[in-house]
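Colleague:
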Amino acid sequence: MSQQGQAMGDAGAPQRTSFDRASVDRVKEFVGFGPEDERRLESQAHLFERVSDDLADEYYENVRSRRKLDEAFAASALSEAEFKREHRQYLEAFGEGDYGPAFFERRAEFSPADLFVEPGLNEYVGSYMVYYEQLLEEIADEVTAEYAPDPGAEATGDEPDAAAAVEDAVDETVERTLSTLRLAVLDQQFVIGSKVDDFMEQLASMTQRRESVRADLEDTVEELEDYAERIGDGTETIDDVATEQSSSTAEIASEMSNLSATVEEIASNTEEVSATAERAEEIAGETTDTAERAIDKMEGVQDAAGEVTEDVEDLREGVQRIDEIVDVINDIADQTNLLALNASIEAATAGEAGDGFAVVADEVKNLAEESQEEAATIERMVNQIQEDTQETVESLEDANAEIDDGVELVEDTVENLGEIETAVSEAASGVDEVATATDDQAASTEEIAGMADEVMENADQVAAEVESLAEVSEDVERQVQVVTEMVDRLADVQENGDV
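According to the numbering used here, the stretch in the sequence shown is residues 767 to 1265, in order.
Shown next, in the form of structure tokens:
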């Protein structure tokens, strides 16, 4: 980022562009803007005032002729008169002479600058070429008029004096031009820095909202794990009860083998009860496996959420704008190179008198080349950010896939629990038949009746456990829905920049 501020501080919070004296002086030094530039600009105040009306009109026409800028202007609340008045004041301020923190802070708050944030900073900076072209022409014309020979004076034929006059005129033109361009670069740097700061504040706010969603997601996943553990405990209880019930019914079958036809009927019923209990045991085992897989999937959700947290900090929203700024820097560097080339040609034409001019041209060219190198560095950083953002998108897709698998497994669990309830109900019905038949038997069947009562108690316990598991399963379904909604919110944050 520019020297007047960093995008993020050590604690992760965005730092605003600073307009204090030390920061402004540091940027001035970087650009090479000094007291001589202030003096030259103040001496040209009359020039800025003279061209302000025409330039404001011409700039307005330029804006309305560019599609993106015209759309932005039409969507704004600015009238034509307000727009032109702002730009007249903007231009006349070039000759104020006092270019301290207050000057640049006021320029950063200049309302038409906000107009071009949506079209892009390249559109904003490019639109000011109308200013630069006209101002440079006016400066050249004024210097030419100042150094032109007096038509009424006699010609001396002194060629060295004439060459010196030309050299002085060229030097003065270059100095005034550079002073104007330096102030323009400072102005644009602070304006762009201020707008980038606005974006970074929005980015920090969005990051905080995403962190909140991530924390909520972790809490929900922990609840899901707890519910899944309760399901596992319940199915283990069902398995133990079913095993005990199977043993009891086997004893019932042994006792009933000594009875009459009625007892044989009872034995038949108890075999059905045994088969039903075994089915309940199998279903309970399947439920245990399903619940354990559900736990694994929910842990996968947690891992995916962690990856989202790590990747989400690198966002690609706003990268396009930074890329556009790099393009603008390249454009300015190209134009500066062209200016340096023209200056070199003029210096070569002037001969020895243009040596000083050639040195200035070389310095301008070197500055342009350094700017292009820095722009290339920024562009590589932008490409890295885009790659990080793509990884974030892939992590979100993985999280969604894990959630979908988890939902399917929980649904399977609920389905298996329904089968358990049906099987236990059938077992209870069979035991009722056993109890009714044993009422008509002799004393030898009293022991069988006691065993049947024990079977019924176990069946009731199984039914109670199944009912409890059904309630837990409903809670699991609700929590899974919450997880799904949170993942959707994360997807919305990625797409829309808001939670």
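Yeah, the Cβ is synthetic: ideal placement off N, Cα and C, and Gly gets one too. Quick caveat: nothing in here was measured; it's all calculated off a predicted structure.
Does DSSP put Arg-854 in a helix, a strand or coil?
Modeller: Here residue 854 refers to the residue found at position 88 of the sequence shown. Three-state DSSP puts Arg-854 in a helix.
Colleague: Output needed for Asp-1264: all residues of its chain with C-beta closer than 6 Å, excluding positions within five of it in sequence on either side, in chain order.
Modeller: Position 498 of the sequence shown, counted from the first residue, corresponds to residue 1264. Interpretation of Asp-1264 is limited by its pLDDT of 48, a score under 50 that renders its predicted location unreliable; the figure taken from the coordinates is listed afterwards. Contacts found: none.
Colleague: Which residue's Cα is closest to the Cα of Asp-823: Tyr-894, Val-797, Glu-871?
Modeller: To locate residue 823, count along the sequence shown from 1; it is residue 57. Looking at the Cα atoms, Tyr-894 is the closest of the given residues.
Colleague: Do you know offhand how far Asn-1132's Cα is from Val-817's?
Modeller: As a first step, residue 1132 is located in the sequence shown; it is residue number 366 there, counting from the start. As a first step, residue 817 is located in the sequence shown; it is residue number 51 there, counting from the start. Rounded to the nearest angstrom, the two C-alpha atoms are 32 Å apart.
Colleague: What whole-angstrom Cβ distance do Val-1130 and Thr-1102 have, given they're in contact under 8 Å?
Modeller: Numbered from its first residue, the sequence shown carries residue 1130 at position 364. Numbered from its first residue, the sequence shown carries residue 1102 at position 336. Sure, about 6 Å apart at Cβ, within 8 Å.
Colleague: For the region 894–909 against the region 932–942, are there 3 or more C-beta pairs whose distance is under 8 Å?
Modeller: yes
Colleague: With DSSP collapsed to three states, give me the class of Gly-778.
Modeller: As a first step, residue 778 must be located in the sequence shown, where it is residue number 12. Unreliable placement is indicated for Gly-778, whose pLDDT of 46 sits below 50; the coordinate value is still reported in the next sentence. Three-state result, Gly-778: coil.
Colleague: What is the residue span of the alpha helix (DSSP H) that Tyr-897 lies within?
Modeller: Taking the first residue of the sequence shown as position 1, residue 897 is located at position 131. Unbroken alpha helix (DSSP H) run through Tyr-897: 895–913.
Colleague: Classify Leu-952 as buried or exposed, calling it buried when 16 or more other Cβ atoms lie within 10 Å of its own Cβ.
Modeller: Taking the first residue of the sequence shown as position 1, residue 952 is located at position 186. That one is buried.
Colleague: Where do the N-terminal and C-terminal ends of the alpha helix (DSSP H) with Asp-786 fall, by residue?
Modeller: Taking the sequence shown and counting its residues from 1, the one referred to as residue 786 is at position 20. Run containing Asp-786: none; DSSP gives neither H nor E here.
Colleague: Note down the Cα distance separating Val-1248 from Val-979, rounded to an integer number of angstroms.
Modeller: Against the sequence shown, residue 1248 aligns to sequence position 482. Against the sequence shown, residue 979 aligns to sequence position 213. Roughly 11 Å between the two C-alpha positions.
Colleague: Would you verify that the beta carbon of Gly-1117 is, or is not, closer than 8 Å to some beta carbon of chain D?
Modeller: Included in the structure is just one protein chain, with no chain D present.
Colleague: When you compare the region 802–821 with the region 847–864, are there three or more beta-carbon pairs, one atom per stretch, that lie closer than 8 Å?
Modeller: Output reads yes: the region 847–864 touches the region 802–821.
Colleague: To the nearest angstrom, how far is it from the Cα of Ser-1013 to the Cα of Glu-1052?
Modeller: Start at 1 with the first residue of the sequence shown, and residue 1013 comes out as number 247. Start at 1 with the first residue of the sequence shown, and residue 1052 comes out as number 286. Between Ser-1013 and Glu-1052, the C-alpha separation is close to 21 Å.
Colleague: Pick out whichever of Ala-970, Glu-1076, Tyr-825 has its Cα sitting closest to the Cα of Leu-850.
Modeller: Walking along the sequence shown from the start, residue 850 turns up at place 84. For the record, residue 850 in the displayed sequence is Lys; it is not Leu. Minimum Cα distance to Lys-850 is reached at Tyr-825.
Colleague: Tell me whether the beta-carbon of Gln-1138 lies closer than 8 Å to the beta-carbon of Asn-1096.
Modeller: As a first step, residue 1138 is located in the sequence shown; it is residue number 372 there, counting from the start. As a first step, residue 1096 is located in the sequence shown; it is residue number 330 there, counting from the start. Yes, the Cβ-Cβ distance between Gln-1138 and Asn-1096 is below 8 Å.
Colleague: Is Phe-849 helix, strand or coil by DSSP?
Modeller: The count along the sequence shown starts at 1 and reaches residue 849 at position 83. If DSSP states are grouped into helix, strand and coil, Phe-849 belongs with the helices.
Colleague: Thinking C-beta only, is Val-793 closer than 8 Å to Gln-954?
Modeller: Numbered from its first residue, the sequence shown carries residue 954 at position 188. Numbered from its first residue, the sequence shown carries residue 793 at position 27. In this structure, Val-793 does not lie closer than 8 Å to Gln-954 by Cβ.
Colleague: One question on the structure: do Asp-786 and Pro-867 come within less than 8 Å of each other, judged by their Cβ atoms?
Modeller: Position 20 of the sequence shown, counted from the start, is the residue given in the question as residue 786. Position 101 of the sequence shown, counted from the start, is the residue given in the question as residue 867. Yes, Cβ-Cβ distance for Asp-786 and Pro-867 is below 8 Å.
Colleague: Under 8 Å, do Ala-1070 and Leu-1175 count as touching if we go by C-beta distance?
Modeller: In the sequence shown, the residue the question calls residue 1070 occupies position 304. In the sequence shown, the residue the question calls residue 1175 occupies position 409. No. Outside cutoff.
Colleague: At 4 residues or longer, what runs of the alpha helix (DSSP H) sit wholly inside the region 803–831?
Modeller: Counting only runs of 4 or more, we get 811–831.
Colleague: Excluding the 5 residues preceding and the 5 following Phe-814 in the sequence, name in chain order all residues of the same chain whose CB lies nearer than 7 Å to its CB.
Modeller: Position 48 of the sequence shown holds residue 814. Around Phe-814: Leu-857, Glu-858, Phe-860, Gly-861.
Colleague: What residue range is occupied by the uninterrupted alpha helix (DSSP H) comprising Asp-836?
Modeller: To locate residue 836, count along the sequence shown from 1; it is residue 70. Unbroken alpha helix (DSSP H) run through Asp-836: 833–841.
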